[in-house]
Amino acid sequence: MDPFDSPPDRSAQVPASSPPYVAAVRPFHAVSADDNHPVARVRLTNGLTYLSWHHVRHDDLAAVTHRPVTYWLHIDHHARGVVARIRELTATGALPQVVCFTELRHHIDPNSGWTPAIAALSPEDWTAVQHRVTDILRSG
0 MDPFDSPPDR
10 SAQVPASSPP
20 YVAAVRPFHA
30 VSADDNHPVA
40 RVRLTNGLTY
50 LSWHHVRHDD
60 LAAVTHRPVT
70 YWLHIDHHAR
80 GVVARIRELT
90 ATGALPQVVC
100 FTELRHHIDP
110 NSGWTPAIAA
120 LSPEDWTAVQ
130 HRVTDILRSG
């Protein structure tokens with residue numbers, strides 16, 4: 000089963016999963032009420048489904064995600080480019096509407112045809128972009 004394809008059947012036994020890890024970071028989700036610092040939304044997964052999300056101040060993002068805010072801004076920039084291309088393909092009828100990056104595999108090769116900058120990403124960064132694409136498609 001690919002991550003995020005669909006929620007598991009409630010009657011099914013829950014398979015063993017990995018410990019929660021950061022799936023996606025929305026860099027500018029809000030501002031903190033007390034001091035107006037930018038707040039990111041950090042979404043956690045177990046590799047099968049999204050588990051939860053938390054607001055994290057940008058100052059604390061590196062401690063929580065082990066990546067600086069500049070990394071997540073970089074990932075978000077690439078993910079928004081992929082989402083824009085998906086929406087173009089959807090608008091022209093070349094692709095049906097999708098709400099998960101993994102759904103693309105049924106219609107196009109999801110690992111090729113993007114910009115040279117995306118093609119140059121490391122496998123880890125490309126996975127982070129894919130998670131953020133799903134996050135954007137599902138929640139903006």
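Just so we're aligned: 40 in numbering that gives the first Met the number 0 is position 41 of the sequence shown, and the numbers increase by one with no gaps anywhere. Where is the CB? At the ideal position from N, CA and C, for every residue including glycine.
Distance from the Cα of histidine 36 is smallest, within the candidate group His28, Thr133 and Leu43, for His28. Here the segment 36-52 does not lie against the segment 78-95, with fewer than 3 beta-carbon pairs under 8 Å apart. Here isoleucine 107 is exposed. Its C-beta has fewer than 16 other C-beta atoms within 10 Å.
Between the alpha carbons of histidine 130 and proline 26 lies a distance of about 14 Å.
With a cutoff of 8 Å on beta-carbon distance, alanine 78 and valine 30 are scored as not near each other.
Ranking Ile74, Pro122, Tyr49 and Leu103 by CA distance to the CA of leucine 88 puts Leu103 first. The residues Arg40 and Arg42, in chain order, have a CB closer than 6 Å to that of tryptophan 52 in the same chain once the five nearest residues on each side in sequence are set aside.
In terms of CA proximity to aspartate 33, Arg56 leads the group Leu50, Pro19, Arg56 and Ser17. Relative to alanine 83, the option among Thr114, Ala22, Asp59 and Ala23 whose CA is nearest is Thr114. According to DSSP, threonine 44 shares a beta bridge with Tyr20 and Tyr49.
Leucine 120 and isoleucine 74 have their alpha carbons spaced roughly 10 Å apart.
Secondary structure note for isoleucine 135: its alpha helix (DSSP H) is the uninterrupted segment 122-138. In this chain, the alpha helix (DSSP H) harbouring glutamate 87 covers 68-90. Shown here, valine 63 sits in a helix according to DSSP, grouped into three states.
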